Structure formats: C-alpha cells, structure tokens
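Below is one structure; the comments refer to it alone.
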Amino acid sequence: MPAHRAAGSQPPAAAHPPPAAAAAAAEPAAEEDSDWDDEDAGGAASAAPDASAFVPAPVAAAGPAQSLGNDMDDLLAELTTNDPAAVPHSMVQGFHCTGCDFQVMRCEDFVWAEDVEYMFLRNNYPTFDKLRRRLVRKQGCLAYCCQCSWKSAHRGAPLADVADGLRWRVLSF
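Here is the structure:
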C-alpha cells in the first residue's frame with residue numbers, strides 16, 4: 004500500500020510538477036493504456052499511424068526551372084477545388100492496402116483529426132459523409148485512409164512518402 008499514495012498525501016512541492024515533468028510522466032501512462040492487440044505484429048491496429056503524423060511536400064530544388072506538369076497539376080487542383088460541384092474525395096487508382104485489402108481513399112483539402120481511431124475507420128470506410136466527422140478542412144492537404152490506417156499529407160507529397168510506415172503499396176499496372 005505504501006506504493007500507492009492518495010493525491011492529497013503528496014508533499015506540496017511535488018503536487019504541481021513543472022509542465023515538462025508532467026509531460027514526461029504522462030508518456031509511460033500512455034503506453035500502459037495500449038490495446039490488447041497493439042503488440043501483435045500482424046494485427047491491423049498496429050498499422051495505424053500516429054495521429055500527428057503528417058507527410059510534408061518535398062522541398063523543391065533551388066532553381067528557376069519548374070516542371071510544366073507541376074504547374075498544370077496546381078492549376079487543375081485550383082479549378083476543381085473552387086468548383087462547388089467538385090467531389091472532395093476519391094479512391095486513389097493503384098494505391099492499395101495489403102493489411103485490409105482495400106483501396107486507399109483520398110479526401111481533398113482535409114486532414115485527419117487527432118481523435119481518429121482504428122474502429123472508426125472499420126465502421127465508416129468508404130462512406131465520405133461518415134468519415135467527414137473526423138476530418139478537418141485544411142487547404143492544400145490530403146487525408147488518406149483505408150479500412151485500417153490513415154494519414155494526412157501535403158498535396159505535393161509523393162504517394163511513396165505517404166505510404167511510408169504503413170502497409171500501403173503503389174501498384175503498377
């Protein structure tokens with residue numbers, strides 16, 4: 004019983020640790036609250052990325068020359084983004100999850116909220132109207148998901164970078 008102290012029995016100096024100490028103390032507690040299947044290397048829940056994971060666009064090399072394809076893609080993106088009839092989501096052709104065996108979905112101008120969970124995707128993928136509850140609008144970004152994983156990225160990030168750390172594969176036909 005001495006190992007467990009009541010909150011009121013701590014000395015006043017230890018009652019309010021500095022913010023850095025409080026954050027460090029909170030980290031081990033988060034590990035203790037893990038799900039039963041997080042340790043399973045083959046489990047789908049282990050593939051879920053950190054909610055704060057964000058894939059930035061690659062830094063362009065310094066120089067005046069830019070590829071025409073990137074300018075054309077940017078122009079087309081602006082035209083479709085400003086069109087109110089534009090569909091804000093689609094399946095990414097050739098981008099597939101080997102964990103759940105579903106195609107990866109992309110939501111334009113959104114990022115995932117921090118409270119997205121594995122079961123939320125299992126129950127709501129691929130219905131955009133249901134997924135919308137955990138999406139936050141952010142111009143120039145894309146929210147990707149399948150039925151077991153999710154990730155947010157900058158619009159210019161290559162699919163190979165988005166797939167990094169997940170069981171998503173770019174398929175070639």
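Using my numbering, you'd call the opening residue of the sequence shown number 4 and step up by one each time.
For each residue, glycine too, the CB sits at the ideal point set by N, CA and C.
This structure is a prediction, so every number in the text was calculated from the model and none was measured.
Closer than 6 Å by C-beta to residue i: which residues in its own chain qualify, once you throw out the five before and the five after it? Chain order, please.
i      : result
PHE105 : CYS149, GLN150
VAL58  : ALA156, ALA160, ASP164, VAL165
ALA60  : HIS157, GLY159, ALA160
VAL139 : VAL114, ALA116
Could you name the residues of the same chain whose beta carbon sits closer than 7 Å to that of residue i, not counting the 5 residues immediately before and after it, in chain order?
i      : result
ALA166 : ARG172, VAL173
ARG137 : TRP115, ALA116, ASP118, VAL119, PHE123
Distance check for residue j and residue i, CA to CA, integer angstroms please.
i      : j      : result
PHE123 : LEU134 : 8 Å
PHE131 : HIS92  : 7 Å
GLY143 : MET94  : 18 Å
PRO97  : LEU162 : Note that residue 97 corresponds to Gly in the displayed sequence, not to Pro. If I take the Cα positions, the gap works out to 10 Å.
TYR128 : SER175 : 24 Å
Looking only at its own chain, which residues have a Cβ that is under 8 Å from the Cβ of residue i, when we skip the five neighbours before and after it?
i     : result
ALA16 : Low per-residue confidence applies at ALA16: pLDDT is 44, beneath 50, and the placement is therefore not dependable enough to give any value.
The ligand COA and residue i: does any heavy atom of the ligand fall closer than 7 Å to the residue's C-beta?
i     : result
MET94 : Inclusion of the ligand COA in the displayed structure is not the case, the ligand content being empty and no account of it being possible.
Less than 8 Å between the C-beta atoms of residue i and residue j, yes or no?
i      : j      : result
ALA146 : CYS110 : yes
ASP118 : LYS141 : no
VAL107 : CYS100 : yes
Return the bridge partner residues of residue i from the DSSP annotation.
i      : result
SER155 : PHE57, ALA146
VAL114 : VAL139
SER93  : ARG109
CYS103 : DSSP, once it has assigned bridges, lists no residue as partnering CYS103.
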